[in-house]
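Just so you know, the protein sequences line up as chains A and B, in that order.
One point on numbering: in the working numbering, the residue at position 253 of the first sequence is 271, and numbering is uninterrupted.
One point on numbering: in the working numbering, the residue at position 192 of the second sequence is 198, and numbering is uninterrupted.
Just so you know, even glycine gets a beta-carbon here, dropped at the ideal spot from N, CA and C.
Input: a single structure, listed below in structure tokens.
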Amino acid sequence: MTDCDDLDMLAAEYVLGTLDAEERTRVAQRRQADATLNDLIQAWEARLAPLADEIKDVAPGPHLLERIEQRIEELEAQHDTRDNASQQADSDRATADTGNVVQLQRRLRFWQWGTGLATAAALVLAVLLLAPLPTQQEHEPFVAVFQQNDQQPAFMVSVELPSRELHVQAVSAEPLPDKSYQMWIKEDSLGPKPRSVGVLNDNLSLAANALSEYSPELLKRATFGISVEPPGGSPTGQPTGPAIHGYLYPATRRL
Amino acid sequence: MHHASDPASDPAAGTSTGPDAMPGAITREQLEALLQGVADQDRQAFARLYEATAAKLYGAVLRILKHEQRTDDVVQEVYVTIWQKAEQFDALKASPITWMVTIARNRAIDELRRRPTARHEPADILDQTASDTPSARERLEGEEDAQRLYTCLEELEGRRQDMVRLAYLEGWSRADLAEHFEQPVNTVKTWLHRALKQLKGCLAS
Numbered sequence: 019m020t021d022c023d024d025l026d027m028l029a030a031e032y033v034l035g036t037l038d039a040e041e042r043t044r045v046a047q048r049r050q051a052d053a054t055l056n057d058l059i060q061a062w063e064a065r066l067a068p069l070a071d072e073i074k075d076v077a078p079g080p081h082l083l084e085r086i087e088q089r090i091e092e093l094e095a096q097h098d099t100r101d102n103a104s105q106q107a108d109s110d111r112a113t114a115d116t117g118n119v120v121q122l123q124r125r126l127r128f129w130q131w132g133t134g135l136a137t138a139a140a141l142v143l144a145v146l147l148l149a150p151l152p153t154q155q156e157h158e159p160f161v162a163v164f165q166q167n168d169q170q171p172a173f174m175v176s177v178e179l180p181s182r183e184l185h186v187q188a189v190s191a192e193p194l195p196d197k198s199y200q201m202w203i204k205e206d207s208l209g210p211k212p213r214s215v216g217v218l219n220d221n222l223s224l225a226a227n228a229l230s231e232y233s234p235e236l237l238k239r240a241t242f243g244i245s246v247e248p249p250g251g252s253p254t255g256q257p258t259g260p261a262i263h264g265y266l267y268p269a270t271r272r273l
Numbered sequence: 007m008h009h010a011s012d013p014a015s016d017p018a019a020g021t022s023t024g025p026d027a028m029p030g031a032i033t034r035e036q037l038e039a040l041l042q043g044v045a046d047q048d049r050q051a052f053a054r055l056y057e058a059t060a061a062k063l064y065g066a067v068l069r070i071l072k073h074e075q076r077t078d079d080v081v082q083e084v085y086v087t088i089w090q091k092a093e094q095f096d097a098l099k100a101s102p103i104t105w106m107v108t109i110a111r112n113r114a115i116d117e118l119r120r121r122p123t124a125r126h127e128p129a130d131i132l133d134q135t136a137s138d139t140p141s142a143r144e145r146l147e148g149e150e151d152a153q154r155l156y157t158c159l160e161e162l163e164g165r166r167q168d169m170v171r172l173a174y175l176e177g178w179s180r181a182d183l184a185e186h187f188e189q190p191v192n193t194v195k196t197w198l199h200r201a202l203k204q205l206k207g208c209l210a211s
């Protein structure tokens, strides 16, 4: 069997649907950068498409369209908010979903909201990573590291207090196919549930003013989370996907 | 839980593709025009596209997930994706309904692999599959393409035909097929590859 055959069979089985989760993820990832594989997949989609004629129509419940439209409204509203905050967001959005996306979800640590404890390792990483930063007393940055595994942080978040300017930076995290990352804040005075800070844009970043409504004191006490959500963010207003957590930690403090 | 669409909730009611329009009643060209409208952020076009295609996509996802709430969630994601990606639809590469069904099947299978449901009795499914073919089929695709695929499928050995259908329509993995056909997974993989190559050869001839 030639490599060419192998690739064609991989495409065929991807379209047929017989691959396991890991293989599907790999193919979905690879086709973004591999035009040959992508073409083979599309050819198989066309070949097998008539099989879909066998599917019986089932009318959805009467409110699904409404739900979908609401969801789109929410996404557009977030989009507009981000536009106002940053024109960059608009151009990001325009090129959204065009690919180059990599499935990361299953590599993330699956921490639930409420367990609440960032690992000591995350804090150590935060300090190690930010130790070289210049330190200015009045702009003391606070950082949180969102850890993906024991070696690498997925995201690094820093907040300049008291301006509350937020910087989210993907370290090893990469965009996910058909998923969005959403950042959350949780603090006792905000109630028991996390609140959305915003959906990360395609640069895996957020508007610098996304935390401006919260006081510096609250931010110091808060837990932050980044969860994997359907495209455009959680449909429920609460984290629905796997989340990784971190606390803000003064970057200038030594262990 | 499933009802016919409520005309009162349909902003596009009264247009040529009313809320009760089934996919079979809308042409490929009309769907292409609606998708173009969606790409231009036309909400009315989106509502009409939904009305024309939701039952097909919902049916495809429900058949794989066998669970209404999960199907609702996946179909919602699918239409949000359609709204966001309509501009990427390429009429030269795929028919509109194939493009949309592909998005729906991929999403449903990804969801099924993430959280597998108990498999239904294979016998029931095969019966259902058999009873649906081919006379009860709706002709979404070009008549000729469909005819050729079915002719080629008929040429496959019986179990391999079943494998292709169970995988495509029900979302069965190699492991599911291996269990049902009481064969090692590698044997199933070999059978699948033979079946797919035979299909490809037959379709190309």
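Only counting runs of 3 or more residues, tell me where the beta strand (DSSP E) segments fall wholly within the stretch 44-88 of chain B, in order along the chain. none
8 Å Cβ cutoff met for B/Arg54 and A/Gly35: Translated into the one-based positions of the second sequence, residue 54 of chain B becomes position 48. Translated into the one-based positions of the first sequence, residue 35 of chain A becomes position 17. No, they are not a contact pair.
Could you work out which residue in B/Glu149, B/Arg171, B/Glu150 is closest to B/Leu159 when comparing CA atoms only? Residue 159 of chain B sits at position 153 when you count from the first residue of the second sequence. Considering only alpha carbons, the answer is B/Arg171.
For B/Glu161, which of helix, strand or coil comes out of DSSP? One-based indexing of the second sequence puts residue 161 of chain B at position 155. Helix.
Could you tell me if A/Asp24 is buried or exposed, where buried requires 16 or more neighbouring beta carbons within 10 angstroms of its beta carbon? Here the question's residue 24 of chain A lines up with position 6 in the first sequence. By the neighbour-count rule (16 or more Cβ atoms within 10 Å), A/Asp24 is not buried but exposed.
The alpha helix (DSSP H) enclosing A/Leu58, as first and last residue numbers: Mapped onto the first sequence, residue 58 of chain A falls at position 40. From DSSP, the alpha helix (DSSP H) with A/Leu58 extends over 53-66.
What do you get for A/Gln200, buried or exposed, if any count of 16 or more other CB atoms within 10 angstroms of its CB means buried? Counting from one through the first sequence, the residue named residue 200 of chain A turns up at place 182. Buried, because 16 or more other Cβ atoms sit within 10 Å of the Cβ of A/Gln200.
Taking the C-alpha atoms as reference points, what is the distance between A/Val215 and A/Asp38? Walking along the first sequence from the start, residue 215 of chain A turns up at place 197. Walking along the first sequence from the start, residue 38 of chain A turns up at place 20. About 34 Å.
DSSP three-state label for B/Gln167, please. Along the second sequence, one-based indexing puts residue 167 of chain B at 161. Helix at B/Gln167.
Where does the unbroken beta strand (DSSP E) through A/Thr241 begin, and where does it stop? One-based indexing of the first sequence puts residue 241 of chain A at position 223. It spans 241-247 - the beta strand (DSSP E) in which A/Thr241 sits, taken as one unbroken run.
Return the first residue and the last residue of the alpha helix (DSSP H) that A/Lys204 is part of. Here the question's residue 204 of chain A lines up with position 186 in the first sequence. First-last for A/Lys204: 198-204, but that is the beta strand (DSSP E), not the alpha helix (DSSP H).
Tell me which residue opens and which closes the beta strand (DSSP E) that A/Arg213 is part of. Within the first sequence, the letter at position 195 stands for residue 213 of chain A. Element bounds for A/Arg213: 213-217.
Whose C-alpha, out of A/Asn227, A/Ala30, A/Gly243, A/Glu72, is nearest the C-alpha of A/Asp57? The residue you call residue 57 of chain A lines up with position 39 of the first sequence. Answer by Cα proximity: A/Ala30.
Alpha carbon to alpha carbon, how far is B/Ile109 from A/Gln47? Give it in angstroms, no decimals. Residue 47 of chain A sits at position 29 when you count from the first residue of the first sequence. Residue 109 of chain B sits at position 103 when you count from the first residue of the second sequence. Using only the alpha carbons, I get a separation of about 15 Å.
If you measure between the beta carbons of B/Ile115 and B/Gly177, is that distance less than 8 Å? Stepping through the second sequence from its first residue, residue 115 of chain B is reached at position 109. Stepping through the second sequence from its first residue, residue 177 of chain B is reached at position 171. Going by C-beta atoms, B/Ile115 is nearer than 8 Å to B/Gly177.
Can you name the residues of chain A whose CB is closer than 8 Å to the CB of B/Leu207? Indexing the second sequence from 1 puts residue 207 of chain B at position 201. Before going further, note that residue 207 of chain B is Gly rather than Leu in the sequence given. Result: empty, since nearest Cβ-Cβ is about 11 Å, beyond 8 Å.
How big is the Cα-Cα spacing for B/Glu185 and B/Val194? To locate residue 185 of chain B, count along the second sequence from 1; it is residue 179. To locate residue 194 of chain B, count along the second sequence from 1; it is residue 188. Near 10 Å, if we compare the C-alpha coordinates of B/Val194 and B/Glu185.
Where does A/Ala188 sit, in a helix, a strand or coil, going by DSSP? Taking the first sequence and counting its residues from 1, the one referred to as residue 188 of chain A is at position 170. Here A/Ala188 sits in strand by DSSP.
Can you find a CB in chain B that lies within less than 8 Å of the CB of A/Glu247? Numbered from its first residue, the first sequence carries residue 247 of chain A at position 229. It does not; no Cβ of chain B falls within 8 Å.
In chain order, what residues of the same chain lie with their CB nearer than 7 Å to the CB of A/Tyr32, ignoring the 5 residues before and after it? If you number the first sequence from 1, residue 32 of chain A lands on position 14. Hits under 7 Å: Arg42, Val45, Ile59.
Can you pull the chain A neighbours of B/Ile115, defined as C-beta to C-beta under 8 Å? For the purposes of this step, residue 115 of chain B is taken as residue 109 along the second sequence, with counting starting at 1. Gly35, Arg42, listed in chain order.
Please state whether the Cβ-Cβ distance between B/Asp78 and A/Gly79 is less than 8 Å. In the second sequence, the residue the question calls residue 78 of chain B occupies position 72. In the first sequence, the residue the question calls residue 79 of chain A occupies position 61. Against a cut-off of 8 Å, the Cβ pair of A/Gly79 and B/Asp78 comes out as a contact.
Taking the alpha carbon of B/His199 as the reference point, which residue from B/Ala100, B/Ala61, B/Leu162 has its own alpha carbon closest? Your numbering for residue 199 of chain B matches position 193 in the second sequence. The residue with the shortest Cα to Cα distance from B/His199 is B/Leu162.
If we cut at 8 Å on Cβ distances, does A/Gly259 have a partner in chain B? As a position in the first sequence, residue 259 of chain A is number 241, starting the count at 1. No, A/Gly259 does not count as interfacial toward chain B.
Endpoints, alpha helix (DSSP H) assigned at B/Ile115: The sequence position of residue 115 of chain B within the second sequence is 109, counting from 1. Unbroken alpha helix (DSSP H) run through B/Ile115: 102-120.
Tell me whether the stretch 247-254 of chain A and the stretch 204-213 of chain A touch, counting them as touching only if at least three CB pairs, one residue from each stretch, are closer than 8 Å. no
C-beta neighbour in chain A for B/Val44, strict 8 Å: If you number the second sequence from 1, residue 44 of chain B lands on position 38. No, because no Cβ of chain A sits closer than 8 Å to the Cβ of B/Val44.
Please work out which residues of its chain come closer than 6 Å, Cβ to Cβ, to A/Arg182, disregarding the five sequence neighbours upstream and downstream, and give them in chain order. Here residue 182 of chain A is taken as the residue at index 164 of the first sequence, counted from 1. Within the same chain, A/Arg182 has close Cβ partners Leu229, Ser230.
Any beta carbon from chain B within less than 8 Å of A/Arg85's own beta carbon? Residue mapping note: residue 85 of chain A aligns to position 67 of the first sequence, counting from 1. Yes, A/Arg85 counts as interfacial toward chain B.
Less than 8 Å between CB atoms is the rule here; does A/Ile90 satisfy it with respect to chain D? Of the protein chains in this structure, namely A and B, none is chain D.
With 16 other Cβ atoms within 10 Å as the buried cut-off, status of B/Arg120: Position 114 of the second sequence, counted from the first residue, corresponds to residue 120 of chain B. With fewer than 16 Cβ atoms within 10 Å of its Cβ, B/Arg120 is classed as exposed.
Minimum Cβ-Cβ distance from B/His186 to chain A less than 8 Å: Numbered from its first residue, the second sequence carries residue 186 of chain B at position 180. No, B/His186 lies away from the interface with chain A (no Cβ there is under 8 Å from its Cβ).
For B/Trp105, which residues of its own chain have a beta-carbon under 7 Å away from its beta-carbon, when the five flanking residues on both sides are left out? The residue you call residue 105 of chain B lines up with position 99 of the second sequence. These residues qualify, in order along the chain: Phe95.
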